[in-house]
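Novice: Before anything else, here's the structure in question.
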Amino acid sequence: MQLNNQETANQTLRIAYFPDSYEEVNGVATTSRHLTDYVSARGLPFLCVHAGSVTNYSSTGNLSFLSLKRSPLAIRVDETLAFDPIFQIYAGRIRREVEKFRPDVIHITGINDVGIAGAYLGWKMDLPIVGSWHTNLHEYAVRRLRGLLRLLPKETARSIGDFLERQILYGAKQYYRIPQILLAPNAELVEMLAEGTGRVTHLMIRGVDTELFSPEKRTVADGIFRFGYTGRLRAEKNVRMLAEIEKALLASGRNNFRFLVVGEGTEREWLERNLQTGEFTGFLTGEQLSEAYANMDVFLFPSETDTFGNVPQEAMASGAAPIVSNKGGPKFIVEHTRTGFVADSASDFARYAIDLFDNREKLERMRAAALKFARSRSWDSVFDGVYDAYREAYERKRDRKKDRA
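So for the sequence shown, this note's numbering puts the first residue at 12; every next one is plus one.
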């Protein structure tokens, strides 16, 4: 397939997008839905190919969707992620729709059945490809594996985990050599991908919907201090640390607080047994989710595997002061001691939680600073940058074709 001949500056690029999540509830899906909102509002030609609950094609104006239902053989990684080993049965259907759409650039997001289909088509049709890194798959997989290795000696389990993490990361870097331009959600990953793939890599942060998430959505005024967590209740989110933090608070004599836990997952049963002050809402969306965030005073996010951390930013937009881990992406959106705290350990999490529980003036200053920061993170500016990456990939491919001509 040939690239369109007209100059980039005089055309609107046509993008075919292959996200590894779209209908699910996770950071990638949230970003993907905001991206389609962005292109819809601007009338930009855009085809989104994703796994869905049904197989169908739909189109409204500039925006088209090809939803493909996975087969019963799909391997469920968790509640929101799956891989279908026979997804290639849709190869012909995907190619027909993509050729009919005539994209200038293909955008892939992850190492899954949908992303692989997009990468293959980009190569086969000789199109420029942009790839965005959203999930630290190597860390994610090893966190999950540790539960299966608990019966092994500690050192043996660690050695196996470290080996597998290195191998998965190596494979991921090879996959991300396929695109010409890469996008990553934090500075550490930008550097890692640039060095590991030799590709131009740009920062792609995440925005936040400050109309949906706002302190004005608060519905409680009972004087109870609420520590909050929102996200999947899974091992890779390190959620058992919440019980350690609560234990430290109680041991220090603090009371009149609750732990508000929003989300579902395999760790919920353990947390319900071990969090004495836990309030569990289950999975929430929309106004119920925004109210839950706004009812939190301090947001605790112990995950060490998130590459960015949409939820801490949503909590900040809702007026909560965040405490996040020093491992992973959330530390890049929290300015330590000003908009929140970055904790090195469970004891640090507890110390900072106690500090904010005791010092309400400091808490209010931190909440105000966090809110101001969140309100500066618009999705429009994020996707303006993504379209800059599309243009760069298009122009590089066009120039190489000219050189070969």
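For every residue, glycine included, the Cβ atom is placed at its ideal position computed from N, Cα and C. It should be emphasised that the depicted structure is a prediction, and the values quoted were computed from it without experimental measurement.
Pairs of beta-carbons, one from the stretch 210-226 and one from the stretch 254-271, closer than 8 Å: are there three or more?
Specialist: The stretch 210-226 is not in contact with the stretch 254-271.
Novice: Just the Cα atoms here: how many angstroms apart are Pro30 and Val273?
Specialist: Computed Cα separation, rounded: 25 Å.
Novice: Taking 8 Å as the limit between beta carbons, can you name the residues of its chain near Leu244, skipping five residues before and five after?
Specialist: The residues are Val250, Val272, Gly274, Glu275, Gly276, Thr277, Glu278, Arg279 and Leu282.
Novice: When the distance is taken between beta carbons, is Phe57 closer than 9 Å to Arg104?
Specialist: No. Outside cutoff.
Novice: From which residue to which residue does the beta strand (DSSP E) around Ala232 run?
Specialist: Unbroken run through Ala232: none, as it is neither H nor E.
Novice: Determine the burial state of Leu193: buried for a count of at least 16 other Cβ atoms within 10 Å of its Cβ, exposed for fewer.
Specialist: Label assigned to Leu193: buried.
Novice: Ile334 and Ala305 look like a contact to me (Cβ under 8 Å); what is the Cβ gap, rounded to whole Å?
Specialist: Actually they do not touch by this definition, with Cβ atoms about 18 Å apart.
Novice: What does the Cβ neighbour count give for Arg53, buried or exposed, with the cut at 16 atoms within 10 Å?
Specialist: With fewer than 16 Cβ atoms within 10 Å of its Cβ, Arg53 is classed as exposed.
Novice: Hey, out of Gln324, Phe319 and Met327, whose CA is closest to Gly339's CA?
Specialist: The shortest Cα separation from Gly339 among Gln324, Phe319 and Met327 belongs to Phe319.
Novice: Taking Ile365 as the reference, which of Gly293, Trp390, Ser392 and Ala332 has the closest Cα?
Specialist: It is Ala332 whose Cα lies nearest to the Cα of Ile365.
Novice: For the beta strand (DSSP E) that Arg269 lies in, which residues bound it at each end?
Specialist: Here the beta strand (DSSP E) through Arg269 covers Phe268 to Val273.
Novice: Could you give the distance in angstroms between the alpha-carbon of Ala326 and the alpha-carbon of Met136?
Specialist: Their backbone Cα atoms lie some 43 Å apart in a straight line.
Novice: Kindly provide the ranges of any beta strand (DSSP E) runs that are 3 or more residues long and lie completely inside the stretch 198-242, ordered along the chain.
Specialist: As far as the stretch 198-242 is concerned, its whole beta strand (DSSP E) runs of at least 3 residues are 211-214 and 236-241.
Novice: Flag this pair as touching only if the stretch 26-45 and the stretch 113-132 have three or more C-beta atom pairs under 8 Å; answer yes or no.
Specialist: Yes, since at least three Cβ pairs between the stretch 26-45 and the stretch 113-132 fall closer than 8 Å, the two stretches touch.
Novice: Using a threshold of 9 Å, state whether the C-beta atoms of Phe291 and Gly242 are closer than that.
Specialist: Their beta carbons are not under 9 Å apart, which means Phe291 does not touch Gly242 by this criterion.
Novice: Which residues bound the beta strand (DSSP E) around Gly293?
Specialist: Looking at the DSSP string, the run of the beta strand (DSSP E) that includes Gly293 is Gly289 to Gly293.
Novice: With DSSP as the reference, identify every bridge partner of Gly421, one or two as the case may be.
Specialist: Since the first and last residues shown for the chain are 12 and 416, residue 421 lies out of range.
Novice: Give the straight-line distance between the Cα atoms of Tyr186 and Val201, rounded to the nearest whole angstrom.
Specialist: One C-alpha to the other measures close to 16 Å.
Novice: Phe343 lies in the alpha helix (DSSP H); which residues open and close that run?
Specialist: Phe343 -> no alpha helix (DSSP H), and no H or E assigned at all.
Novice: The beta strand (DSSP E) spanning Phe119 covers which residue range?
Specialist: Residue identity differs from the one stated: residue 119 is Ile in this sequence, not Phe. Element bounds for Ile119: Val116 to Ile119.
Novice: Can Ala404 and Ile216 be called in contact, C-beta distance under 9 Å?
Specialist: No; because the gap between Cβ atoms is not below 9 Å, this pair is not in contact.
Novice: What's the call for Ile344, buried or exposed, on a 16-neighbour Cβ count within 10 Å?
Specialist: Classification of Ile344: buried, given that the 10 Å Cβ count is 16 or more.
Novice: Based on Cα-Cα distance, which residue from Ser263, Thr47, Ala62 and Ala385 lies nearest to Gly418?
Specialist: There is simply no residue 418 to check, as the chain begins at 12 and stops at 416 in what is shown.
Novice: Ordered along the chain, which non-local residues of its own chain (more than five positions away) have a Cβ less than 6 Å from that of Val211?
Specialist: Ile192.
Novice: Starting from the Cα of Ile100, find the closest Cα among Ala232, Cys59, Ala85 and Asn337 and give me that residue.
Specialist: For the residues Ala232, Cys59, Ala85 and Asn337, the minimum Cα distance to Ile100 belongs to Ala85.
Novice: What are the boundary residues of the alpha helix (DSSP H) that Ala43 is part of?
Specialist: Contrary to the premise, residue 43 reads as Ser rather than Ala in this sequence. Gly38 to Arg53 is the span of the alpha helix (DSSP H), which, as asked, contains Ser43.
Novice: What is the DSSP secondary structure of Val250, counted as helix, strand or coil?
Specialist: Looking at Val250 - three-state DSSP - the assignment turns out to be coil, as it is neither helix nor strand.
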